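Residue 1 is where the sequence shown starts when you use the UniProt record's numbering, and the numbers rise one by one after that.
Each residue gets a CB set at the ideal place from its N, CA and C atoms; glycine is no exception.
None of the values given here were measured: they were computed from a predicted structure.
Structure, as structure tokens:
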Amino acid sequence: MVLEYRKRSGIAMNEVIIQAQDLVKIYKSKKGIFSSRKEEVKALDHVSFEIKKGQIVGLIGESGCGKTTVGKALLNLLPVDGGKVIFQGKCIYDIDNHKMCSYKEMEQLRRHMQIIFQNPASCLNPKKNVEQLVSEGVKKHKICSKSEVREYCLNILKQCGLEEKCLLNYPSELSGGQKQRVGIARALALNPEFIVCDEITASLDVSVQAQILNLLLDIKEERGMTYLFISHNLDIVKGMCDEVIIMYKGCIVEKAKSEELFEQPKHPYTELLLKSLPAAYPDQKKTGYETKQIIMNAEGQGCLFASRCKYAKKECRERVPQMKEIGKEHWVACHQAVQMTN
Numbered sequence: 001m002v003l004e005y006r007k008r009s010g011i012a013m014n015e016v017i018i019q020a021q022d023l024v025k026i027y028k029s030k031k032g033i034f035s036s037r038k039e040e041v042k043a044l045d046h047v048s049f050e051i052k053k054g055q056i057v058g059l060i061g062e063s064g065c066g067k068t069t070v071g072k073a074l075l076n077l078l079p080v081d082g083g084k085v086i087f088q089g090k091c092i093y094d095i096d097n098h099k100m101c102s103y104k105e106m107e108q109l110r111r112h113m114q115i116i117f118q119n120p121a122s123c124l125n126p127k128k129n130v131e132q133l134v135s136e137g138v139k140k141h142k143i144c145s146k147s148e149v150r151e152y153c154l155n156i157l158k159q160c161g162l163e164e165k166c167l168l169n170y171p172s173e174l175s176g177g178q179k180q181r182v183g184i185a186r187a188l189a190l191n192p193e194f195i196v197c198d199e200i201t202a203s204l205d206v207s208v209q210a211q212i213l214n215l216l217l218d219i220k221e222e223r224g225m226t227y228l229f230i231s232h233n234l235d236i237v238k239g240m241c242d243e244v245i246i247m248y249k250g251c252i253v254e255k256a257k258s259e260e261l262f263e264q265p266k267h268p269y270t271e272l273l274l275k276s277l278p279a280a281y282p283d284q285k286k287t288g289y290e291t292k293q294i295i296m297n298a299e300g301q302g303c304l305f306a307s308r309c310k311y312a313k314k315e316c317r318e319r320v321p322q323m324k325e326i327g328k329e330h331w332v333a334c335h336q337a338v339q340m341t342n
């Protein structure tokens, strides 16, 4: 079945709504069951980008590349080891300079920046019905008077395509699509300006995916919403997003306008993704990708993608590529970007 949904519309503003600067996140794990030694894994390696008001920015990469970690770090849902996040001109945290907004300030910011998770069932309390789930944040942040809460929540649910009878249903009584709509309703109930959508269509049927995507586009047009859209579905990202960010092993390797990135990828990893990852069509045939083995030195210097890159040269394993602008608003971290262009 082909996924059919409306394409994005509207023009993004020039105002930056959220900005990440040099985000670093390190996870530590034991090397073995009986070992006391721990190894460090950089989930985020100096990740920097900004999102303008009204934009839908896609974040693409393989599983484990750090996409979800980025989304949570933006909303201060997990501690990071370095970097800074600024939301609407307010510094949420600046780890390197030991700055952090207070708990009270963060609570106020929470209503303006929300996240919708991939698996709504995991974040919906099974002991609460839909009305209780949606009204929880409304009451906490005093979005409306107590007498208006039920009517307010009902209007939000209707906007998300749910009927009044769903108010008394519990998560176990809802379908996957309905649970995701409740997750969206919970986020919208706080009237936020920015939402992180973390693989929100990954576990849904194709027809339900289209309904959810159209709902997000409707909300964007009605409220001027800004999204960070995390996904591995290239077809959806191409149709939904204004700009696209490509991540590999905790690093941003390319970012550009959606149309340009899909038509003229400048990083070998982006090229690989466009050729090999399945889109919305499960029967789409994969294209082979010839690679050349490059051995990384002991210090781990050089490009992280060098061992899989058919363009790799000596400098690729000796020097870490830095992000550089090779076209208008088209950035890439690759020594061989010019060679690829030619």
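The C-beta distance from L167 to N129 rounds to 7 angstroms, short enough to meet the 8 angstroms contact threshold. Counted as a single uninterrupted DSSP element, the beta strand (DSSP E) harbouring T226 occupies residues T226 to I230. Residue nearest to H98 within the set Q108, R110 and V85 is V85 (criterion: CA-CA distance). Here Q19 carries a strand assignment [DSSP, helix/strand/coil]. Partner residues in the beta bridge of C91, as assigned by DSSP, are I86. If one requires a minimum length of 4 residues, the alpha helix (DSSP H) runs lying completely within the segment 87-154 are 103-110 and 130-140, in chain order. Annotation: the continuous beta strand (DSSP E) that includes V244 extends over E243 to Y248.
Going by DSSP, G66 is part of no alpha helix (DSSP H) at all; its letter is neither H nor E. A Cβ-Cβ distance of about 11 angstroms is found for the pair L74 and I17, leaving them out of contact under the 8 angstroms criterion. With distances taken between CA atoms, P79 lies nearest to T69 out of M240, T69 and P171.
In the DSSP assignment, D198 falls within the unbroken beta strand (DSSP E) covering F194 to D198. Three or more beta-carbon pairs separated by less than 8 angstroms link the segment 188-197 to the segment 97-113, which places the two stretches in contact. Taking C-beta atoms under 8 angstroms as the contact rule, G82 and I95 qualify, at a distance of about 5 angstroms. In this structure A333 touches Q322 by the C-beta definition: roughly 6 angstroms separates them, less than 8 angstroms. Residue environment analysis places D45 among the buried positions, since at least 16 neighbouring C-beta atoms fall within 10 angstroms of its C-beta. Per DSSP, D45 lies in no alpha helix (DSSP H) segment; the continuous beta strand (DSSP E) that holds it begins and ends at K38 to K52. Rounded to the nearest angstrom, the gap between the Cα atoms of R319 and D235 is 33 angstroms.
In the DSSP assignment, C251 is bridged to Y248. By the neighbour-count definition (other C-beta atoms within 10 Å, threshold 16), Y27 is an exposed residue.
If you compare the alpha carbons of I252, C303 and A210 with that of M240, the shortest gap goes to A210. If you ignore the 5 residues before and after A43, its C-beta comes within less than 6 angstroms of the C-beta of K25, Y27, G66, T69 and G250, all in its own chain and listed in chain order. Our two residues, F117 and T201, have alpha carbons roughly 10 angstroms apart in a direct line. Under DSSP, I26 takes part in a beta bridge, and its partners are K42.
Separation of I56 and R37 (C-alpha to C-alpha, rounded to the nearest whole angstrom) is 42 angstroms. L168: not part of any beta strand (DSSP E); DSSP gives it neither H nor E.
DSSP lists G327 as the bridge partner or partners of H330. Nearest in C-alpha terms to V149, of all of K158, G161 and E136, is E136.
With 16 or more other Cβ atoms from the protein chains shown falling within 10 Å of its own Cβ, Y248 counts as buried. For G302, no alpha helix (DSSP H) encloses it, and the DSSP letter there is neither H nor E. Annotated as distal: E131 and C160, with beta-carbon spacing of 8 angstroms or more.
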